[in-house]
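See below for the structure under consideration.
Residue numbers (the numbering used here), protein chains in the order written: chain W, 17 to 89; chain A, 5 to 268.
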């Protein structure tokens, strides 16, 4: 099976910390962080390397803050 | 864009699989965290981009939370008086029949003050697409009871729950317009999970394609959350929506190709 690796870029200043994306991640790659952005919201961030670039988090994000990249390795 | 991860080998333009469409402006959305409006805005714009209609689309913004939709959607927009978006869309479509015209309305706009406009535009069979966001509450003004509020549901004007004897029954306007001969495609969707977002996107694309075939009105209801109006966190609100809204507002197509499906 071809292995797929992904990565996300989060626009932290636009993230409102709604946490809707967290449960959609099949690999538990994303989590809320303790730090806050300029508006005082906790934001989400990828916390490990398990991302497969499935785009679930980006599709469900109300504010469109997530950009997804994927590569076959 | 603020880049927060160390640029790995994966983050290169040729590996890009998903980014916010350019048809959404860079303005920060005015919606509460977790609101379904943002997702719905984005998928409408994605469909328009995929169909190459960005120069041939006119959207009609309503009054309500999404009154500023014209600030976020990077296509031609008009803003209608409260509830009058279908009337304005009728005028726009009749004057410019080659344009794709859609209205984007909430339940206070479409199912309360604009009921007459909605029903008559549907009955006339105007070739427009209506995208109707139903969260069962007047979200913008502070969570008051709307015609779509569920039986027993608490809101700021029904603090003990909606009492059907005193306040009447909720209005299922989507089923109502499906009865009218002017509508061609009527469906109810949601945007709380990736699978539902994909289904809603498909439905919106189908609606725009049908509009180009001039077959009549296409109507898409999106059952959404209102976490600040319901006084919940976004995740709790989505859960509450699945448990309480969906049994009353079941998801799925209601009318396809002008025929009402039997299970409705």
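The beta-carbon is built from N, C-alpha and C at its ideal position, and this holds for glycine as well.
Is it right to say residue 45/A is buried, meaning 16 or more other beta carbons lie within 10 angstroms of its own, or is it exposed?
In the second chain, the residue the question calls residue 45/A occupies position 41. Residue 45/A is buried by the Cβ-count criterion.
CB residue 162/A to CB residue 146/A, shorter than 8 Å?
For the purposes of this step, residue 162/A is taken as the residue at position 158 of the second chain. For the purposes of this step, residue 146/A is taken as the residue at position 142 of the second chain. Not a contact, by the Cβ cut-off of 8 Å.
Chain-ordered chain W contacts of residue 197/A [CB-CB under 7 Å]:
By one-based count along the second chain, residue 197/A stands at place 193. Residues of chain W with a Cβ closer than 7 Å to the Cβ of residue 197/A are, in chain order, 40 and 76.
Helix, strand or coil for residue 107/A? Go by DSSP, reduced to three states.
Within the second chain, the letter at position 103 stands for residue 107/A. If DSSP states are grouped into helix, strand and coil, residue 107/A belongs with the strands.
Excluding the 5 residues preceding and the 5 following residue 103/A in the sequence, name in chain order all residues of the same chain whose CB lies nearer than 6 Å to its CB.
Counting from 1 along the second chain, the entry for residue 103/A is found at position 99. The answer, listed in chain order, is 60 and 62.
For residue 208/A and residue 105/A, believed in contact at Cβ under 8 Å, the rounded distance
Position 101 of the second chain holds residue 105/A. Position 204 of the second chain holds residue 208/A. Not really, about 14 Å apart at Cβ, beyond 8 Å.
Rounding to the nearest angstrom, what Cα-Cα distance links residue 65/W and residue 14/A in this structure?
Locating residue 65/W in the first chain gives position 49, counting from the first residue. Locating residue 14/A in the second chain gives position 10, counting from the first residue. Distance between residue 65/W and residue 14/A, taken at the CA atoms: about 11 Å.
What are the residues that DSSP puts in a beta bridge with residue 142/A?
Along the second chain, one-based indexing puts residue 142/A at 138. Looking at the DSSP output, residue 142/A sits in a beta bridge with 148/A.
Could you pull the start and end residues of the beta strand (DSSP E) that residue 83/W belongs to?
Here residue 83/W refers to the residue found at position 67 of the first chain. Run containing residue 83/W: 82-88, per the beta strand (DSSP E) assignment.
Go through its chain and collect everything with a Cβ distance to residue 19/W's Cβ below 6 Å, but skip five positions before and after it.
Your numbering for residue 19/W matches position 3 in the first chain. By the criterion of a C-beta distance shorter than 6 Å, residue 19/W is surrounded in its chain by 89, once the five residues flanking it on both sides are discounted.
Of the residues that make up the stretch 57-72 of chain W, which ones have a beta carbon closer than 8 Å to any beta carbon in chain A?
Interface annotation for the stretch 57-72 of chain W against chain A: 57, 61, 62, 69, 71 and 72, criterion Cβ-Cβ distance under 8 Å.
When the Cα atoms are used, what is the spatial distance from residue 41/W to residue 242/A?
Locating residue 41/W in the first chain gives position 25, where the first residue counts as 1. Locating residue 242/A in the second chain gives position 238, where the first residue counts as 1. Computed Cα separation, rounded: 16 Å.
I believe residue 229/A touches residue 68/A by the beta-carbon criterion, under 8 Å. Please report the beta-carbon distance rounded to the nearest angstrom.
The sequence position of residue 229/A within the second chain is 225, counting from 1. The sequence position of residue 68/A within the second chain is 64, counting from 1. Not a contact, Cβ separation roughly 15 Å.
Using a Cβ-Cβ cut-off of 8 Å, state whether residue 87/A counts as contacting chain W.
Position 83 of the second chain, counted from the first residue, corresponds to residue 87/A. Cβ-Cβ to chain W under 8 Å: no for residue 87/A.
What is the C-beta distance between residue 123/A and residue 191/A, in whole angstroms, given that I count them as a contact (C-beta under 8 Å)?
The residue given as residue 123/A occupies position 119 in the second chain. The residue given as residue 191/A occupies position 187 in the second chain. Here residue 123/A is actually not in contact with residue 191/A; their C-beta atoms are around 18 Å apart, not less than 8 Å.
Quick one: grab the DSSP three-state call for residue 217/A.
On the second chain, residue 217/A is found 213 positions in, with the first residue counted as 1. Residue state, collapsed to three classes: coil.
Same chain, Cβ closer than 6 Å to residue 144/A, five either side skipped, listed in chain order:
Taking the second chain and counting its residues from 1, the one referred to as residue 144/A is at position 140. These residues qualify, in order along the chain: 68 and 69.
In the DSSP assignment, the alpha helix (DSSP H) including residue 192/A goes from what residue to what residue?
Taking the first residue of the second chain as position 1, residue 192/A is located at position 188. No alpha helix (DSSP H) holds residue 192/A; the beta strand (DSSP E) holding it covers 187-194.
Taking Cβ-Cβ distances below 8 Å as the criterion, which residues of the stretch 37-53 of chain A are in contact with chain W?
Flagged, chain order: 37, 38, 39, 40, 41, 42, 43 and 46.
Within chain W, partners of residue 238/A - CB distance below 8 Å:
Working through the second chain from its first residue, we reach residue 238/A at position 234. Listed along chain W are 34, 35 and 36, each with a C-beta nearer than 8 Å to that of residue 238/A.
Pairing CB atoms from the stretch 170-187 of chain A with CB atoms from the stretch 231-240 of chain A, are three or more of them under 8 Å?
Below 8 Å, too few C-beta pairs join the stretch 170-187 of chain A and the stretch 231-240 of chain A to call them touching: fewer than three.
With the cut-off set at 8 Å, would you say residue 134/A and residue 212/A are in Cβ contact?
Within the second chain, residue 134/A is the residue found at index 130, counting from 1. Within the second chain, residue 212/A is the residue found at index 208, counting from 1. Cβ atoms of residue 134/A and residue 212/A: not closer than 8 Å.
For residue 165/A, which residues of its own chain have a beta-carbon under 7 Å away from its beta-carbon, when the five flanking residues on both sides are left out?
Mapped onto the second chain, residue 165/A falls at position 161. Same-chain partners within the cutoff: 156, 157 and 158.
Starting from the C-beta of residue 21/W, find all residues in its chain whose C-beta is less than 6 Å away, skip the five residues before and the five after it, and write them out in chain order.
By 1-based counting over the first chain, the position of residue 21/W is 5. In the same chain as residue 21/W, and ignoring 5 residues on each side of it, the C-beta atoms closer than 6 Å to its own belong to 87 and 89, in chain order.
Whole-angstrom Cβ separation of residue 89/A and residue 64/A, contact assumed at under 8 Å?
Looking up residue 89/A in the second chain gives position 85. Looking up residue 64/A in the second chain gives position 60. Cβ atoms of residue 89/A and residue 64/A come within 8 Å of each other, at about 4 Å.
Who are the near neighbours of residue 75/A in its chain, counting only those whose CB is closer than 6 Å to its CB and skipping five residues on each side?
Here residue 75/A corresponds to residue number 71 of the second chain, with the count starting at 1. Result list for residue 75/A: 31, in chain order.
Nearest-angstrom Cα separation, counted from residue 210/A out to residue 73/A:
Against the second chain, residue 73/A aligns to sequence position 69. Against the second chain, residue 210/A aligns to sequence position 206. Spanning the two alpha carbons is a distance of roughly 22 Å.
Determine the chain W residues that contact residue 24/A at a beta-carbon separation under 7 Å, and present them in chain order.
The count along the second chain starts at 1 and reaches residue 24/A at position 20. Taking the beta carbon of residue 24/A as reference, the chain W residues within 7 Å of it are 80, listed in sequence order.
What residues from chain A crowd round residue 87/W, counting only those whose CB sits closer than 7 Å?
Counting from 1 along the first chain, the entry for residue 87/W is found at position 71. The contacting residues are 14 and 19.
Count the other CB atoms, across all protein chains shown, that sit within 10 Å of the CB of residue 217/A; report buried if there are 16 or more and exposed otherwise.
The count along the second chain starts at 1 and reaches residue 217/A at position 213. By the 16-neighbour rule on beta-carbons within 10 angstroms, residue 217/A is exposed.
Leaving out five residues on either side along the sequence, give the residues of the same chain with a beta carbon under 8 Å from the beta carbon of residue 55/W.
Taking the first residue of the first chain as 1, we reach residue 55/W at position 39. If we look at residue 55/W and ignore the five residues flanking it on each side, its Cβ neighbours are 29 and 32.
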